[in-house]
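**Q** Residues in the sequence shown are numbered consecutively from 458, following our numbering.
For every residue, glycine included, the Cβ atom is placed at its ideal position computed from N, Cα and C.
Have a look at this one.
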Amino acid sequence: MATSGHLYIIQGDIKKIACDAWLLPTSQNYSITTSFQDAVGMTVSNDSRPLEWGGVKWTEPGGDRNFILLKASQDLHEPDLWIGNIGVSDLAPVEHFAERAREFVQIACETVRTRETKSNRAPLIAVNVMGSGHGGGRNKRGELLRALMPSLIESARENKCDVVLVTYGSVMYSAANSVRNSLASKLDVWRDLPEELIIEGDRLSEFARKSELVVFLGAGVSRDAGLPAWKELLHDVAIDVGITEEEFHEIEKLDPRDQATLLSKDREDEFRKAVSNRLSSERYSLLHGLLSSLPVNEFVTTNFDNL
458 MATSGHLYII QGDIKKIACD AWLLPTSQNY SITTSFQDAV GMTVSNDSRP
508 LEWGGVKWTE PGGDRNFILL KASQDLHEPD LWIGNIGVSD LAPVEHFAER
558 AREFVQIACE TVRTRETKSN RAPLIAVNVM GSGHGGGRNK RGELLRALMP
608 SLIESARENK CDVVLVTYGS VMYSAANSVR NSLASKLDVW RDLPEELIIE
658 GDRLSEFARK SELVVFLGAG VSRDAGLPAW KELLHDVAID VGITEEEFHE
708 IEKLDPRDQA TLLSKDREDE FRKAVSNRLS SERYSLLHGL LSSLPVNEFV
758 TTNFDNL
């Protein structure tokens, strides 16, 4: 099975997904809409306003640069933040947005790959349904999605990366999935899945449609959001509560639950605080986004992080 070149669709907030790079759509004059003003540290108002960054208002056209890396990643769990010249008049063809999407995925992937990393994971690039808000394509969203979807899929395959299309609201999410399904045969979107998994996926989706699906999930779901698994968590918490490496080495062969019991002995409040700090994240993983976008009402989990 291929490890990259996929398009995922989720319903959520693009500003909070754990990814390698995401695009904040703007116009030639860097007008930032209300929904994105907090992402660049601006005081949120009811109207679109010029970008304020580093104490400077960006109001001049960006020349021939369609995309600008506004904030580069500082660690493995903080994505690159790009702004892109997306907005045009209502008369612009939907192909304009499809081309912008292709261009962004390529430049974002190239930038991510310039950084040294120990991970073999393909870059994950997040975009929204560009042009569907104030960008000039809001009155032709179905046509826009039919142009955007093939462009994102082809670009993901060309750049050997994964792309997540983050929709805002159930209507756009449903529309995006409907368009992908209509193009499934033409674009061979399930090409990496063996037949038995496609059959199983159809079976589970039928349960979901009937509200009869329950999701069971564990710590692995939170790994891509930067949260630790049991072994890492216990080691880090031990350090936080003042246990030396030598002391921890003496107990790490025990069952994780027994380790936790020993670490919390006579320091329960301190232990709880350390665990809480280690299991807090401002960003959800792609897997969180996919699971929470399902029509499911029941989740069973061993996790107690805030995601």
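Given 8 Å as the limit, tell me if residue 638 has its C-beta closer than that to any heavy atom belonging to the ligand ZN.
**A** This structure lacks the ligand ZN; in fact it carries no ligand of any kind.
**Q** Determine the extent of the alpha helix (DSSP H) in which residue 784 is found, giving its start and end residues.
**A** An answer regarding residue 784 cannot be provided, because it is not within the stretch 458 to 764 covered by the chain.
**Q** Smallest Cα separation from residue 524: which of 757, 539 and 513?
**A** Mapped onto the sequence shown, residue 524 falls at position 67. Among 757, 539 and 513, the Cα nearest to that of residue 524 belongs to 539.
**Q** So residue 603 is in the alpha helix (DSSP H); what residue range does that whole segment cover?
**A** Numbered from 1 along the sequence shown, position 146 holds the residue referred to as residue 603. Run containing residue 603: 598-615, per the alpha helix (DSSP H) assignment.
**Q** Pull up the DSSP beta-bridge partners for residue 482, would you.
**A** Position 25 of the sequence shown, counted from the first residue, corresponds to residue 482. The partner list for residue 482 (beta bridge, DSSP) reads 541.
**Q** What are the partner residues of residue 510, as DSSP defines its beta bridges?
**A** What you label residue 510 is simply residue 53 of the sequence shown in a count that begins at 1. Listed as beta-bridge partners of residue 510 by DSSP are 513.
**Q** Indicate whether at least one CB of chain B lies closer than 9 Å to the CB of residue 656.
**A** Absent here is chain B; the protein component of the structure consists of one chain.
**Q** Answer with buried or exposed for residue 716, where buried requires no fewer than 16 other C-beta atoms within 10 angstroms of its C-beta.
**A** On the sequence shown, residue 716 is found 259 positions in, with the first residue counted as 1. The residue is buried, with at least 16 neighbouring Cβ atoms inside 10 Å.
**Q** In whole angstroms, give me the CA-to-CA distance for residue 668 and residue 472.
**A** Position 211 of the sequence shown holds residue 668. Position 15 of the sequence shown holds residue 472. Roughly 29 Å between the two C-alpha positions.
**Q** Mapping DSSP to helix, strand and coil, what is residue 400?
**A** The displayed coordinates of the chain run from 458 to 764. Any statement about residue 400 would go beyond what the structure contains.
**Q** Pull up the DSSP beta-bridge partners for residue 585, would you.
**A** Stepping through the sequence shown from its first residue, residue 585 is reached at position 128. Bridge partners of residue 585: 623.
**Q** Between which two residues does the alpha helix (DSSP H) carrying residue 528 extend?
**A** Reading the sequence shown from its first residue, position 71 is the one you call residue 528. Counting along the chain, residue 528 falls outside any alpha helix (DSSP H), though it belongs to the beta strand (DSSP E) covering 524-528.
**Q** Would residue 613 and residue 562 qualify as a contact pair, given that the criterion is a beta-carbon distance under 9 Å?
**A** Translated into positions along the sequence shown, residue 613 becomes position 156. Translated into positions along the sequence shown, residue 562 becomes position 105. Going by beta carbons, residue 613 and residue 562 fall inside the 9 Å limit.
**Q** Give me the Cα-Cα distance between residue 597 and residue 740, rounded to the nearest whole angstrom.
**A** Within the sequence shown, residue 597 is the residue found at index 140, counting from 1. Within the sequence shown, residue 740 is the residue found at index 283, counting from 1. Between residue 597 and residue 740, the C-alpha separation is close to 31 Å.
**Q** Taking all protein chains shown into account, do 16 or more other C-beta atoms lie within 10 angstroms of the C-beta of residue 745, making it buried, or fewer, making it exposed?
**A** Your numbering for residue 745 matches position 288 in the sequence shown. Answer is buried; the Cβ neighbour count reaches 16.
**Q** Determine contact between the segment 660-680 and the segment 722-734, defined as no fewer than three beta-carbon pairs at a distance below 8 Å.
**A** no
**Q** Just the C-alpha distance for residue 701 and residue 708, rounded to the nearest angstrom, thanks.
**A** Taking the sequence shown and counting its residues from 1, one reaches residue 701 at position 244. Taking the sequence shown and counting its residues from 1, one reaches residue 708 at position 251. Spanning the two alpha carbons is a distance of roughly 11 Å.
**Q** In this structure, how does DSSP classify residue 758 when only helix, strand and coil are distinguished?
**A** As a working note, residue 758 is residue 301 in the sequence shown. DSSP places residue 758 in strand when its eight states are reduced to three.
**Q** Ends of the beta strand (DSSP E) at residue 493?
**A** As a working note, residue 493 is residue 36 in the sequence shown. That residue, residue 493, is in no beta strand (DSSP E); it is neither H nor E in DSSP.
**Q** Use the C-beta contact count for residue 759: other C-beta atoms within 10 angstroms, 16 or more gives buried, fewer gives exposed.
**A** Residue numbering aside, residue 759 sits at position 302 when the sequence shown is read from its first letter. Residue 759 comes out exposed.
**Q** Which term fits residue 531, buried or exposed, when burial requires 16 or more other beta carbons within 10 angstroms of its beta carbon?
**A** Here residue 531 refers to the residue found at position 74 of the sequence shown. Exposed, since its Cβ has fewer than 16 Cβ neighbours within 10 Å.
**Q** Rounded to the nearest angstrom, what separates residue 714 and residue 611 at their Cα positions?
**A** Taking the sequence shown and counting its residues from 1, the one referred to as residue 714 is at position 257. Taking the sequence shown and counting its residues from 1, the one referred to as residue 611 is at position 154. Whole-angstrom Cα-Cα distance: 47 Å.
**Q** Just verifying my parser: in three-state terms, what is the DSSP assignment at residue 691?
**A** One-based indexing of the sequence shown puts residue 691 at position 234. Residue 691: helix per DSSP, three-state reduction.
**Q** Thinking just about the alpha-carbon of each residue, which of 656, 606 and 644 is nearest to the one in residue 633?
**A** Indexing the sequence shown from 1 puts residue 633 at position 176. For residue 633, the closest alpha carbon among the candidates 656, 606 and 644 is that of 606.
**Q** Considering only the beta carbon of each residue, do residue 608 and residue 544 sit closer than 9 Å?
**A** Counted from its first residue, the sequence shown places residue 608 at position 151. Counted from its first residue, the sequence shown places residue 544 at position 87. Cβ distance not < 9 Å, so residue 608 and residue 544 don't count as in contact.
**Q** Considering only the alpha carbon of each residue, which of 683, 680, 705 and 484 lies closest to residue 691?
**A** Taking the first residue of the sequence shown as position 1, residue 691 is located at position 234. For residue 691, the nearest C-alpha among the options comes from 705.
**Q** In whole angstroms, give me the CA-to-CA distance for residue 568 and residue 724.
**A** Looking up residue 568 in the sequence shown gives position 111. Looking up residue 724 in the sequence shown gives position 267. Cα-Cα distance, rounded: 45 Å.
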